[in-house]
Amino acid sequence: MRISDNFKVLNYKEAVFDLDDERGDDWLLKDLFRSKQKYVTIKQREEVDSSAQPEQQGKKELPDGLWKKCEQCNQIIYHKDLEKNLKVCPKCQYHFRIGAWERIKILVDPGSFKELFANITSCDPLNFPEYQEKISKSKKITELKEGVVTGTAKIGGVPLVLGVMDFNFIGGSMGSALGEKLVRLFEYALTHELPVVTVSAAGGARMQEGILSLMQMATTCQAVNRLAEKSILFISILTDPTTGGVFASFASQGDIIIAEPGALIGFAGARVIQQTTRQTLPPGFQRSEFLLEHGIIDLIVNRKELRNTLARLLRFHQRRKLEIS
Amino acid sequence: MANGSNYNLDFEKPLKELEKRIEEIRVFAEEKKIDMSEEIARIEDKSRKLKKEIYEKLTPWQKVQIARHPKRPTLLEYSELIFNGFIELHGDRLYRDDPALVGGLAYLDDIPVTILGQQKGKDTKENIYRNFGMPHPEGYRKAIRLMKQAEKFGRPVITFVDVAGAFPGKEAEERGQGEAVAKAIMEMGALTVPIIVVVTGEGGSGGALAIGTGDRVLMLEHAYYSVISPEGCASILWKNATEASKAAEVLRLTANDLLELEVIDEVIPEPLGGAHTDPVSTAATIKESLCHNLWELLHRDSQELLVMRYNKFRKMGRYIEE
Ligand SMILES: [Zn+2]
Chain A
502 MRISDNFKVL NYKEAVFDLD DERGDDWLLK DLFRSKQKYV TIKQREEVDS SAQPEQQGKK
562 ELPDGLWKKC EQCNQIIYHK DLEKNLKVCP KCQYHFRIGA WERIKILVDP GSFKELFANI
622 TSCDPLNFPE YQEKISKSKK ITELKEGVVT GTAKIGGVPL VLGVMDFNFI GGSMGSALGE
682 KLVRLFEYAL THELPVVTVS AAGGARMQEG ILSLMQMATT CQAVNRLAEK SILFISILTD
742 PTTGGVFASF ASQGDIIIAE PGALIGFAGA RVIQQTTRQT LPPGFQRSEF LLEHGIIDLI
802 VNRKELRNTL ARLLRFHQRR KLEIS
Chain B
49 MANGSNYNLD FEKPLKELEK RIEEIRVFAE EKKIDMSEEI ARIEDKSRKL KKEIYEKLTP
109 WQKVQIARHP KRPTLLEYSE LIFNGFIELH GDRLYRDDPA LVGGLAYLDD IPVTILGQQK
169 GKDTKENIYR NFGMPHPEGY RKAIRLMKQA EKFGRPVITF VDVAGAFPGK EAEERGQGEA
229 VAKAIMEMGA LTVPIIVVVT GEGGSGGALA IGTGDRVLML EHAYYSVISP EGCASILWKN
289 ATEASKAAEV LRLTANDLLE LEVIDEVIPE PLGGAHTDPV STAATIKESL CHNLWELLHR
349 DSQELLVMRY NKFRKMGRYI EE
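These protein sequences, in sequence, are chains A and B. If you count the first sequence from 1, you need to add 501 to reach the numbering used here. If you count the second sequence from 1, you need to add 48 to reach the numbering used here.
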């Protein structure tokens, strides 16, 4: 009981995400965890309010014996320590992937997030094989209606609009609904003259919507472009992974582009590059540090510093009248 | 990759057989000095009918094969057949000239325009030089430069899309291919002169869209335009690239599909047998379509164009609002 006293689950969504993660094999005592987790799931489901702050959910008791192995250094980390460290390996600083709500909690001033456009969700315009099943499964796993959560918030007291993608929703892929939510967010920012922050975690376009998903690259790019009309700041945060059509559209067009350390960021996949060109790719290819070196991003910021950095950047861009006497 | 002489459209096999038979009869009649013109005319008629039948019922995958035909006319051919006085301009002013994306000045009738697009090679040697028509970031940056130049001098822009897809290469990534594609899309959204896009062959995902956001998007009858290649889609869906024909069906990538989905504005018909069988008449049809579309666009002021262009792409998504 000593262990569970201070144990705090960030939220239900993220716990389930880890279970269904394709890389979930590295969970130790997985079966035990799974059975216990179900119990928590049922209990929490009643309390989850999609607009509520995760921290309002309070302390939860979980069984001990929850450990996770770091993907990078193989360190076995106690779940509680990992949570406390914002899912960054205390030993090697490896940044684990996190869900949209977990990210929002880390970034914004407590209680400041108000969700917008929450009712927009994907349909199956091409009647594409297995797409409906994929959507329902993702909805279940993530408890999201779409792969991006959009809304208004404050960071360091500065109001802004925020769009956070969730890689667990069909690989964070950009289909019509996701594109629509982002474009509405950009348009909202333009109307209300608010700065924009997006957090990308995406594998590219959503193949199941065919050409319509490709066109989301066009709409999001054009919406970003219009922000210039009113000198609206756009900060794009790239997290692991940001690739394909998401990187090749709005995400690479921030006034300021920030990446988390070690994130995979690029357009074409490394495997395809190797197969097509037979080139040997250097270690660290398409990682944040590689992109910084090649002049494609502005900053690499550790997750623990992200909120602070954002607050500073936002403050730099706050509208002030310069009075010259 | 196949070159012109050994690239076979397998669905044309019955046609090829008929043609072979006609040739055999001709040789035979010549040798024996007998008149077989009636027989020849009969088979020729049959061949024509069969060709029409085949081309009326082309599957999406068969269209993809036509779109990839090595003899399919490219931008440099169209630049002579559709336009007058073409002058090619080179370079992105940043890194190098990318031969996979060509562009320059030309007259459409007597209207000065900027034309640009991906350029495939006609043989293996040229294809290697032109990277099989797949631009590097500097190609997209050249496109941006030429479009901004067109804007400065009030010239409409006409782009020709024919690309298998964005190039998967180490250098392309190092030089920020994703950023270059996105920037091209963004700049096109804000360009104050009319833009017409013609998808002439392959409309391969991001590489195509990079020069694809125009006031009008036209598409040749047998061209295709897709978020992913049919092979790529098949290997994801069925773990098997040979299921590409099935993938071509589900992706809805033909010109008619895109017209139905309201992603393009017009389908430009091709001669029977595909554009490569008659580049001159294909060019004439494209020119006709370009002229009437440009005529309409020239009547709008730039502010109107920008709003129209934004709304055009803005309404393309399909989603549910609960
Ligand atoms: Zn570690």
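Beta carbons are placed, not taken as given, at the ideal position from N, Cα and C, and that holds for glycine.
What residues of chain A sit near residue i, judged by a beta carbon separation below 7 angstroms?
i	result
Arg366(B)	Cys624, Pro626, Ser677 and Leu713
Gly169(B)	Correct list: empty, because the minimum Cβ distance to chain A is about 17 angstroms.
Ile55(B)	Position check: residue 55(B) holds Tyr in this sequence, whereas Ile was assumed. Neighbours of Tyr55(B) on chain A: none; closest Cβ ~20 angstroms, over 7 angstroms.
Glu370(B)	Asn620 and Thr622
Thr380(B)	The requested residue 380(B) is not part of the displayed model; chain B covers only 49 to 370.
Leu257(B)	Leu715, Met718 and Ala719
For residue i and chain B, any beta-carbon pair shorter than 8 angstroms?
i	result
Ala827(A)	This structure does not reach residue 827(A), given that chain A is present from 502 up to 826, and the question cannot be answered.
Phe687(A)	no
Val549(A)	Low confidence applies here, because Val549(A) scores a pLDDT of 33, under 50, leaving its location unreliable; read the following figure in that light. With 8 angstroms as the cut-off, Val549(A) does not count as an interface residue toward chain B.
Ile738(A)	no
Thr720(A)	yes
Leu782(A)	yes
Asp723(A)	According to the sequence provided, residue 723(A) is Gln. The question's Asp does not apply to it. At least one chain B Cβ lies under 8 angstroms of Gln723(A).
Val697(A)	no
Glu572(A)	no
Ala702(A)	no
Glu644(A)	no
Glu735(A)	Going by the sequence as given, residue 735(A) is Phe instead of Glu. Chain B, which has no Cβ nearer than 8 angstroms to the Cβ of Phe735(A), makes this no.
Asn586(A)	no
Thr777(A)	yes
Gln633(A)	no
Val662(A)	no
Glu616(A)	no
Gly680(A)	yes
Ala769(A)	yes
Gly746(A)	yes
Val609(A)	no
What first and last residue would you give for the beta strand (DSSP E) that runs through residue i?
i	result
Lys570(A)	Trp568 to Lys570
Lys655(A)	Val649 to Ile656
Leu164(B)	Ile159 to Gln166
Ala154(B)	Leu149 to Leu156
Lys615(A)	Lys615 to Leu617
Ala703(A)	Val697 to Ala703
Ser623(A)	Ile621 to Ser623
Listing by chain order, which chain B residues have their CB less than 7 angstroms from the CB of residue i?
i	result
Ile797(A)	Gly224 and Glu227
Phe817(A)	Within 7 angstroms Cβ-Cβ: nothing; Phe817(A) doesn't reach chain B, min ~23 angstroms.
Pro630(A)	Leu285 and Val298
Asn726(A)	Met234, Gly237 and Ala238
Gln787(A)	Glu221
Ala749(A)	Gly226, Val229, Ala230 and Gly254
How about residue i: is its Cβ closer than 7 angstroms to a heavy atom in ligand 1?
i	result
Lys592(A)	yes
Tyr579(A)	no
Tyr177(B)	no
Cys571(A)	yes
Gln835(A)	Outside the displayed range of chain A (502 to 826) lies residue 835(A), so it cannot be described from this structure.
Tyr188(B)	no
Tyr595(A)	yes
Any beta carbon from chain A within less than 8 angstroms of residue i's own beta carbon?
i	result
Val75(B)	no
Met234(B)	yes
Ser274(B)	yes
Arg189(B)	no
Pro216(B)	yes
Phe361(B)	yes
Val298(B)	yes
Thr290(B)	no
Tyr358(B)	yes
Gly339(B)	Note that residue 339(B) is Cys in the sequence shown here, rather than Gly. It does not; no Cβ of chain A falls within 8 angstroms.
Mind pulling the chain B residues with CB within less than 9 angstroms of residue i?
i	result
Ala601(A)	Those within 9 angstroms of Ala601(A) in chain B number zero; the least Cβ separation is about 18 angstroms.
Thr651(A)	Within chain B, no residue comes near Thr651(A); the closest Cβ sits about 13 angstroms away, beyond 9 angstroms.
Between which two residues does the alpha helix (DSSP H) harbouring residue i extend?
i	result
Asp210(B)	Counting along the chain, Asp210(B) falls outside any alpha helix (DSSP H), though it belongs to the beta strand (DSSP E) covering Val205 to Val211.
Tyr55(B)	First-last for Tyr55(B): undefined, no H or E at that position.
Arg141(B)	Element bounds for Arg141(B): n/a, residue is neither H nor E.
Give the residues of chain A in contact with residue i, contact being defined as C-beta atoms less than 9 angstroms apart.
i	result
Val311(B)	Ile712, Leu713, Leu715 and Met716
Leu306(B)	Ile712
If the cut is a Cβ gap below 8 angstroms, which residues of chain B does residue i touch?
i	result
Ile774(A)	Pro216, Gly217, Lys218 and Glu221
Gly755(A)	Neighbours of Gly755(A) on chain B: none; closest Cβ ~10 angstroms, over 8 angstroms.
Output, in chain order, the set of chain A residues within a Cβ distance shorter than 8 angstroms of residue i.
i	result
Leu301(B)	Gly711 and Ile712
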